[in-house]
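Okay, structure first, notes after.
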Amino acid sequence: MSEKEKNSDQLIAHIIKGIEEVKGNDIDILDLREIENTVCDYFIICNGTSNTQVNAIVNSIQKTVSKNLKDKPWHIEGSENAEWVLMDYVNVVVHVFQKHIREFYDIESLWGDAKITSIETSY
32 MSEKEKNSDQ
42 LIAHIIKGIE
52 EVKGNDIDIL
62 DLREIENTVC
72 DYFIICNGTS
82 NTQVNAIVNS
92 IQKTVSKNLK
102 DKPWHIEGSE
112 NAEWVLMDYV
122 NVVVHVFQKH
132 IREFYDIESL
142 WGDAKITSIE
152 TSY
C-alpha cells in the first residue's frame, strides 16, 4: 500500500467518524480511482436533516480530521446556505447535503461507474 493510499484511508476513516459523531445519514464512499479524468480519488457523500445539522456535520469533520491528522480542507464551499456543502481535502472530496438536495442532484448516478461502499450506521 502506497503512502498516498494509507493517507487517504486514514483521512476517510476520520471523515466517517466526524459524520457519525453528529448522526449524519446515508453515508456512501465512491471510489473514483478506476475512472479516467477525475478530480480526486474518492467522494464521500452524506446528508443531514436540516441546514443546522449539515453545518454540524461539516464542523465535526473539520474538528475530527484536524485533531487526529493535523489536516484541514483545502477549500470549503456552500456553508452559507448549508444545503450542499463541499469540503475539498484534495484526494478526498466530501459532499454534505440536505436530503432533498441530495435526491435532486443524485451524484451517485452521475458517477455510476464508481465503486460505491455504503457505511452502515447504528442510529
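Numbering (the numbering used here), first residue to last: 32 to 154.
Cβ coordinates follow ideal geometry from the N, Cα and C atoms, glycine included.
Since the model is a prediction, treat every value here as computed from it, not as a measurement.
Around the beta carbon of Asn-68, fewer than 16 other beta carbons sit within 10 angstroms, so the residue counts as exposed. Pairing Gly-55 with Asn-78 gives a Cβ-Cβ distance under 8 Å.
Counting C-beta atoms within 10 angstroms of its own C-beta, His-126 has 16 or more neighbours from the protein chains shown and is therefore classed as buried.
Excluding sequence positions up to five before and after Ile-147, its CB lies within less than 6 Å of the CB of Asp-59, Leu-61, all in the same chain and listed in chain order. Shortest Cα-Cα distance from Asp-144 to any of Lys-48, Ser-153, Trp-115, Leu-63 involves Leu-63. Lys-98 is the residue among Glu-134, Ile-88, Lys-98, Thr-80 whose C-alpha sits nearest the C-alpha of Gln-41. In the structure shown, the three-state DSSP call for Gly-109 is coil. Beyond the five residues adjoining it in sequence on each side, Glu-51 comes within less than 7 Å, by CB distance, of Thr-152 in the same chain, given in chain order.
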